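**Student:** Each step along the sequence shown adds one to the number in our numbering, with nothing skipped, and position 338 is 1694. Idealized CB from N, CA, C, for every residue including glycine. Treat the numbers as computed from the prediction; the structure is a model and nothing was measured.
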Amino acid sequence: MRHNFLLKSLVFFLIFFTFKAISEDISQKIIAFREKLLIVKPVRKFSLQHILSRYPEQLLLPSKLLPQTSSYNIKELQKLYKFYKSDCKGDKTVDPRLLQPLVFTRAMCLNLKLPPSWFSRANYIHPGGGSYAKRYIEKYPKEKKKYERFLHIRERSKSGILTELGQLQRMNETAIENLVTGTPLILSGQYLWFKSNQFYSVYPKNSWKKIADELGLNISTRKNNVFCLEKLGNVCINKVENKDKFTWYLFIILIILNFTIIFAWIISRWIEHRKILNERMLILQILTHELRTPIASLGMTVEGFRKSFDKLPDSLYDEFRRLCEDSRRLRQLAEASKDYLLANQGQMKVSELESLNSWLSYICESYNVNMHTNKDTKVFLNVYWLGTCIDNLLSNATKYGVAPIELYSSVESGQLVIKIIDQGNLKSSDWSRLKKPFESKSGLGLGLTIVESMIKKMGGTLRLEGPPTTFIMEIPCESNDTVGRR
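1) Roughly how many angstroms lie between the CA atoms of E1708 and V1767, to the nearest whole one?
2) In whole angstroms, what is the alpha-carbon distance linking F1506 and K1441?
3) Between Q1312 and I1831, is the Cβ-Cβ spacing less than 8 Å?
4) What does a CB cutoff of less than 7 Å around L1421 pick up in its chain, not counting 5 residues either side in sequence?
5) Determine the burial state of I1623: buried for a count of at least 16 other Cβ atoms within 10 Å of its Cβ, exposed for fewer.
6) Between I1542 and G1589, is the Cβ-Cβ spacing less than 8 Å?
7) Evaluate E1520 with the Cβ neighbour count: other Cβ atoms within 10 Å of its Cβ, from every protein chain shown; 16 or more gives buried, anything less gives exposed.
8) Taking the alpha carbon of R1410 as the reference point, which residue from E1504, I1608 and G1572 has its own alpha carbon closest?
9) Would you say the region 1479 to 1498 touches the region 1402 to 1409, given that touching needs at least three Cβ pairs under 8 Å?
10) With which residues is N1726 paired in a DSSP beta bridge?
11) Give the secondary structure of S1544 by DSSP, where H, G and I count as helix, E and B as strand, and everything else as coil.
12) Excluding the 5 residues preceding and the 5 following S1798 in the sequence, name in chain order all residues of the same chain whose CB lies nearer than 6 Å to its CB.
13) So, helix, strand or coil for S1714, using DSSP?
14) Run the CB neighbour count on W1564, radius 10 Å, all protein chains shown included, and call it buried at 16 or more, exposed below.
15) When DSSP builds the beta bridges, which residues end up paired with P1832?
16) Report all residues from its chain with a CB closer than 7 Å to the CB of V1582; omit the five preceding and five following residues, and keep chain order.
17) Just confirm the distance between the C-beta atoms of N1724 and I1761, as a whole number of angstroms; I'd bet it's less than 8 Å.
18) Pick helix, strand or coil for R1505, following the three-state DSSP scheme.
19) Could you tell me the distance, in whole angstroms, from the CA atom of E1529 to the CA atom of L1416?
20) Less than 6 Å between C-beta atoms, sequence neighbours within five positions excluded: which residues of the same chain meet that for K1551?
21) Specify the secondary structure class of V1558 as computed by DSSP and reduced to three states.
22) Drop a sphere of 10 angstroms on the beta-carbon of Y1437, count the other beta-carbons inside from all chains shown, and report buried for 16 or more, exposed for fewer.
23) Taking the straight line between their C-alpha atoms, what separation do you get for T1826 and N1781?
24) Quickly, what does DSSP pair I1777 with across the bridge? List them, please.
25) What span of residues does the beta strand (DSSP E) with L1588 cover, start to end?
26) Can you name the residues that DSSP bridges to R1526?
27) Here's the rule I'm using: 16 or more other beta-carbon atoms within 10 Å means buried, otherwise exposed. How should L1716 be labelled?
28) Return the chain-ordered ranges of every alpha helix (DSSP H) run that is complete within the region 1463 to 1494 and spans a minimum of 4 residues.
29) Name the two residues that bound the continuous beta strand (DSSP E) containing C1592.
30) I think K1595 touches N1574, with their Cβ atoms under 8 Å apart; what is that distance to the nearest whole Å?
31) Please state whether the Cβ-Cβ distance between T1461 and F1439 is less than 8 Å.
32) Can you tell which of P1824, P1823, G1816 and G1822 has the C-alpha that lies nearest to the C-alpha of C1833?
33) Thinking just about the alpha-carbon of each residue, which of K1731, A1568, N1467 and L1433 is nearest to the one in V1396?
34) In chain order, which continuous runs of the beta strand (DSSP E) of length 3 or greater are located wholly inside the region 1384 to 1430?
35) How big is the Cα-Cα spacing for E1808 and E1821?
36) Classify A1478 as buried or exposed, calling it buried when 16 or more other Cβ atoms lie within 10 Å of its own Cβ.
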């Protein structure tokens, strides 16, 4: 156990420190990149506070140019559109959230002028997408200069690339969102925006890429399904391959080492498991071997009593009968144990059973069981182990089940099917719990684990269904080919 714990810990720490080393390396390079960038003179410098005060978020985001169906009911928008198309005649009752759009629509229909302050009060954007100001200027083009500051940045005339507005107009939605939240790095086309305090310095590609190349960094716009060692806003930062061969070789070696240790741990667990199984098998072989001597001696004692049977007092006849029966059962147990050992090598002895129904009746004699059998038939089975398994299940049903107990048997398509049913409430989901080794309430005995194991060795299956509690055994039995008779 201690060995396994240490091995798991070693694997964990190797993986942890592998990725920690890579993470620390890329972080140090990013810090160096920022420090070198601050030395270079930017082509422009913009105040974030000034940008947000001059261009409200509603007039920055490209999504505001689309119909605002997420904020308004689509049916209400259609109703407002029909009202506008009918020259503001008809039903003018709308959702309270559309009161400002209704005011604007009526102003357009009735040729009423709106003061500049109204546009900021109405939150700039029309529910149909785009700004109120654009619709207003289209109706009153001479008022453009007065209301142009209420236009969305994409609705304004294209500005020069190095102007504040020109840079904003060329940013995609992700870059704009990162600008609004004040992300440290933003990549827009060929220009890199770097934030220091509350100012963004703008660098052209020939400036920032030269520094990135020197540090072995690959800086690009983030894309879906593309791996990034570091993500900053819409910027993806990776290490340039072959720039630091030692680090990459170390990374590869550590990964291989990690997988080797994991593989070695799995193999060691498998070997340990096999060792435990072999030790248990050896103990069983020793016990089986050692039992043969006292069993043989007991057999000789029984035989001696048998020769003097006529001289025994009548009061000892029952005791002698039990002694003979116990001796026979011990011999059967020794033989069955040998069969169990041979079964681990794929061998399981079977014998001919002339009457299946008579044999089952004999097993059920000791229990209060209602038997339901089909037409009697001859079968080939491992009589001892199957009988022991049935006896175990009947014993469990008697001790822990609910009467009445019923046993059904049938031979179908070369399979012996035996069902043992009591009126308990066990169900299939209880199966894994019940067959845990050494947890049988009855103390000593085979237990369900060995019952299932022996049925599997006979080529069959054991399963639990219910309620009512039903154990079902299916054992091959019809022919020599089916049961592997030798």
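**Tutor:** On the basis of the coordinates in this document:
1) So the alpha carbons of these two residues sit roughly 15 Å apart.
2) Whole-angstrom Cα-Cα distance: 24 Å.
3) Outside the shown range of the chain (1357 to 1842) lies residue 1312, about which nothing can therefore be said.
4) Beyond the five residues adjoining it in sequence on each side, L1421 comes within less than 7 Å, by CB distance, of G1485, G1486, H1508 and R1510 in the same chain, given in chain order.
5) Here I1623 is exposed: its Cβ has fewer than 16 other Cβ atoms, across all protein chains shown, within 10 Å.
6) Less than 8 Å divides the Cβ of I1542 from the Cβ of G1589.
7) Looking at its Cβ environment, which holds 16 or more other Cβ atoms inside 10 Å, E1520 is buried.
8) When C-alpha distances from R1410 are compared across E1504, I1608 and G1572, the shortest belongs to E1504.
9) Contact between the region 1479 to 1498 and the region 1402 to 1409 is absent, because fewer than three Cβ pairs lie under 8 Å.
10) Partner(s): E1762.
11) If DSSP states are grouped into helix, strand and coil, S1544 belongs with the strands.
12) Residue placement at S1798 cannot be trusted, given a pLDDT of 41 that sits under 50; what the coordinates show is reported in the next sentence. For S1798, where only same-chain residues beyond five positions count, there are no Cβ hits under 6 Å.
13) Correct three-state label for S1714: helix.
14) So W1564 ends up on the buried side.
15) According to the DSSP secondary-structure assignment, P1832 is paired through a beta bridge with Q1771.
16) C1592.
17) Rounded, the Cβ-Cβ distance is 7 Å, consistent with contact.
18) Under the three-state reduction of DSSP output, R1505 falls in the helix class.
19) Going by the C-alpha atoms only, they are around 9 Å apart.
20) Leaving aside the five residues that flank K1551 on each side, the residues in its chain whose CB is nearer than 6 Å to its CB run, in chain order, P1540.
21) Strand at V1558.
22) Classification for Y1437: exposed.
23) Roughly 9 Å between the two C-alpha positions.
24) Answer is E1762 and T1826, bridged to I1777.
25) Residues E1586 to L1588.
26) According to DSSP, R1526 bridges with nothing at all.
27) Classification for L1716: buried.
28) Within the region 1463 to 1494, the complete alpha helix (DSSP H) segments at least 4 residues long are 1472 to 1477, listed from N- to C-terminus.
29) Per DSSP, C1592 belongs to the beta strand (DSSP E) from V1591 to K1595.
30) That belief holds up - the Cβ atoms of K1595 and N1574 are roughly 7 Å apart, short of 8 Å.
31) A contact, by the Cβ cut-off of 8 Å.
32) For C1833, the closest of P1824, P1823, G1816 and G1822 by C-alpha to C-alpha distance is G1816.
33) Considering only alpha carbons, the answer is A1568.
34) Secondary structure in the region 1384 to 1430: the beta strand (DSSP E) runs of 3 residues or longer, each lying completely within the stretch, are 1400 to 1403 in chain order.
35) Inter-residue distance for E1808 and E1821 is about 15 Å (C-alpha atoms, whole angstroms).
36) Result: buried.
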